[in-house]
Amino acid sequence: MSVQSTQIVVLGAGMVGVGAALSLQARGHQVMLVDRAIPGSETSYGNAGVIQGEACEPYALPRDFSKLLGIAWKRDNAVDWNIRGLLRALPSLLPYWYYSEPKRHKVISQGYSLLTRRATTDHAPLIAASSSEDLMRRNGYRLVFRENVGFDQMSEQAEKWKMEFGIHAVIEDSKALAASEPALKKPLAGGILWQDAWTCSNPGELVRAYAGLFRERGGEQVQAEVLSLEQFTSGGWRVLTRAGVTEAEHVVVAMGPWSPQILAPLGYRVPMIYKRGYHMHFAPKGKKPDLLLIDAEVGAVYAPMQAGLRIATGADLSSKKAEAMPKQLRYARAKASELLDFGEQVETSAWSGMRPCMPDMLPVVGAAPRHKGLWFDFGHGHQGFTLGPTTGELLAGLIDGNAPPEILQLSPSRRSLQL
293 MSVQSTQIVV LGAGMVGVGA ALSLQARGHQ VMLVDRAIPG SETSYGNAGV
343 IQGEACEPYA LPRDFSKLLG IAWKRDNAVD WNIRGLLRAL PSLLPYWYYS
393 EPKRHKVISQ GYSLLTRRAT TDHAPLIAAS SSEDLMRRNG YRLVFRENVG
443 FDQMSEQAEK WKMEFGIHAV IEDSKALAAS EPALKKPLAG GILWQDAWTC
493 SNPGELVRAY AGLFRERGGE QVQAEVLSLE QFTSGGWRVL TRAGVTEAEH
543 VVVAMGPWSP QILAPLGYRV PMIYKRGYHM HFAPKGKKPD LLLIDAEVGA
593 VYAPMQAGLR IATGADLSSK KAEAMPKQLR YARAKASELL DFGEQVETSA
643 WSGMRPCMPD MLPVVGAAPR HKGLWFDFGH GHQGFTLGPT TGELLAGLID
693 GNAPPEILQL SPSRRSLQL
């Protein structure tokens with residue numbers, strides 16, 4: 293079996309891993325990027341394709357009794373569950389409930405917003421250098437409401453976020469929304485245009501373009517399954533893959549939902565919450581939406597993509613299902629047809645992927661608590677596509693001894709997450 297050596301191995305070639313590899317490479321490190329799959333073909337492929345510069349608060353667990361009752365009775369399509377999946381997630385859901393308390397959530401949001409507010413700035417040079425401008429739009433997305441109650445509440449929230457975080461948003465009443473989004477087939481209560489977000493018409497292709505940039509700049513990419521990770525007694529690391537053995541001074545674990553699995557043999561129990569999401573593409577027909585739409589009451593995304601209209605769902609805590617089109621997606625498709633014209637489904641079955649969420653809603657970025665040369669960059673939840681280059685920059689600075697202030701809240705050693 294072949295043995296290679298490098299300075300840093302990054303495990304995981306989604307947006308997070310590729311972002312870390314590029315940042316480390318830009319600082320002069322010799323970097324190898326390892327993944328079993330083509331870059332951007334798993335979790336990073338299936339998202340809504342939004343770089344959410346406006347996402348000033350992470351998704352908290354609802355603490356309002358009426359909302360929880362709606363989830364419990366499955367009246368809210370944004371969340372699905374079954375008993376087996378709920379019991380599996382319960383040890384992580386309890387601390388998630390704790391951190392979702394409003395005062396704690398506010399503190400978390402202050403640090404979280406520092407990350408998301410710089411996301412587009414961190415993506416911009418990579419988009420340009422990888423010749424990916426044709427994939428991007430920089431004019432935001434719309435959150436649309438069918439009912440006045442939700443629209444009025446979010447309009448007030450948008451005004452608060454403008455004041456507190458400097459978020460740019462346009463509140464559109466029913467008439468303004470109809471004028472700005474002529475693809476809508478019927479009037480709605482209104483919408484919020486979030487102007488700080490960028491959208492991508494092919495998220496997987498953008499990650500592949502970034503990975504291509506990494507290779508062009510001299511980085512080595514290995515497509516092989518990671519079998520084991522072990523530390524030398526004298527320091528350094530040995531990574532065993534199906535392609536051979538690589539020895540390195542540092543290893544970065546950026547494997548998203550698969551990170552806990554590779555870290556378990558080293559004694560780390562990562563309390564990750566796995567929120568499954570689904571999407572399916574539908575052929576174009578008639579007018580397509582000008583901007584990506586999030587249907588607030590339905591808990592679904594309608595995103596114009598190169599492959600067609602991508603309809604994507606919220607969170608599913610159920611144990612794995614073998615359905616060609618899960619219930620959440622069936623409902624979203626039916627409700628989308630009330631608003632938009634589109635053709636038949638493109639794929640025979642829905643895409644399914646896991647969002648790697650942590651109970652405190654923050655990614656885990658920094659040095660492993662008990663192993664020198666081991667670094668974490670995972671747990672980005674709903675924002676891996678948004679934050680990959682940003683946490684990559686923070687981690688690279690930390691490895692080089694230049695710890696930025698934003699990294700402190702993300703450090704594995706400073707958080708009660710049983711790592």
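In my numbering, the protein residues as written are 293 to 711. Just so you know, even glycine gets a beta-carbon here, dropped at the ideal spot from N, CA and C. Quick caveat, the model's predicted, so the values are computed rather than measured.
Rounded to whole angstroms, the gap between the alpha carbons of residue 582 and residue 480 is 16 Å.
The beta-carbon separation of residue 544 and residue 303, rounded to 7 Å, stays under the 8 Å limit for a contact.
With a threshold of 16 other beta carbon atoms within 10 Å, residue 364 falls short and is exposed.
Between the C-alpha atoms of residue 367 and residue 300 there is a straight-line separation of about 48 Å. Between residue 609 and residue 381, the gap from beta carbon to beta carbon is short of 7 Å. Approximately 6 Å separates the beta-carbon atoms of residue 523 and residue 663; this is inside 8 Å, confirming the contact.
If you ignore the 5 residues before and after residue 597, its C-beta comes within less than 6 Å of the C-beta of 493, all in its own chain and listed in chain order. Counting C-beta pairs with one atom in each stretch, the segment 431-438 and the segment 588-595 have three or more that are closer than 8 Å, which means they touch.
In the three-state reduction of the DSSP assignment, residue 353 falls in the coil class, being assigned neither a helical nor a strand state. Judged by DSSP secondary structure, residue 401 falls within the alpha helix (DSSP H) whose first and last residues are 394-408. Residue 346 is classed as buried because its beta carbon has at least 16 other beta carbons within 10 Å across all chains shown.
By DSSP's assignment, residue 596 forms a beta bridge with 601. Here the alpha carbons of residue 485 and residue 593 stand approximately 14 Å from one another. Contact between the segment 497-507 and the segment 307-321 is established, with three or more Cβ pairs separated by less than 8 Å. The alpha-carbon of residue 518 is positioned some 32 Å away from that of residue 372. When the five nearest sequence neighbours on each side are left out, the beta carbons in the same chain lying within less than 6 Å of the beta carbon of residue 683 are those of 655, 657, 669, in order along the chain. By DSSP's assignment, residue 668 forms a beta bridge with 545, 658. Rounded to whole angstroms, the Cβ separation of residue 529 and residue 539 is 7 Å, and the two are in contact under 8 Å. Segment contact: the segment 685-696 against the segment 561-581, fewer than three CB-CB distances shorter than 8 Å; contact not assigned.
The alpha-carbon separation between residue 416 and residue 375 amounts to approximately 43 Å.
Here the segment 328-339 makes no contact with the segment 469-476; the two share fewer than three CB pairs at distances below 8 Å.
Rounded to whole angstroms, the Cβ separation of residue 634 and residue 495 is 19 Å, and the two are not in contact under 8 Å.
Less than 7 Å separates the beta-carbon of residue 521 from that of residue 531. Contact between residue 680 and residue 446 is ruled out by a C-beta separation of about 27 Å, above the 8 Å threshold. Beyond the five residues adjoining it in sequence on each side, residue 552 comes within less than 6 Å, by CB distance, of 562, 564 in the same chain, given in chain order. In the DSSP assignment, the residues bridged to residue 515 are 327. Per the Cβ contact rule, the segment 354-361 is not in contact with the segment 411-427 (fewer than 3 Cβ pairs under 8 Å). The Cβ neighbour count for residue 694, taken over all protein chains shown within 10 Å, is under 16; the residue is labelled exposed. Under the criterion of beta carbons closer than 8 Å, residue 548 and residue 604 do not qualify as touching, at roughly 17 Å.
Relative to residue 430, the option among 325, 647, 411, 666 whose CA is nearest is 411.
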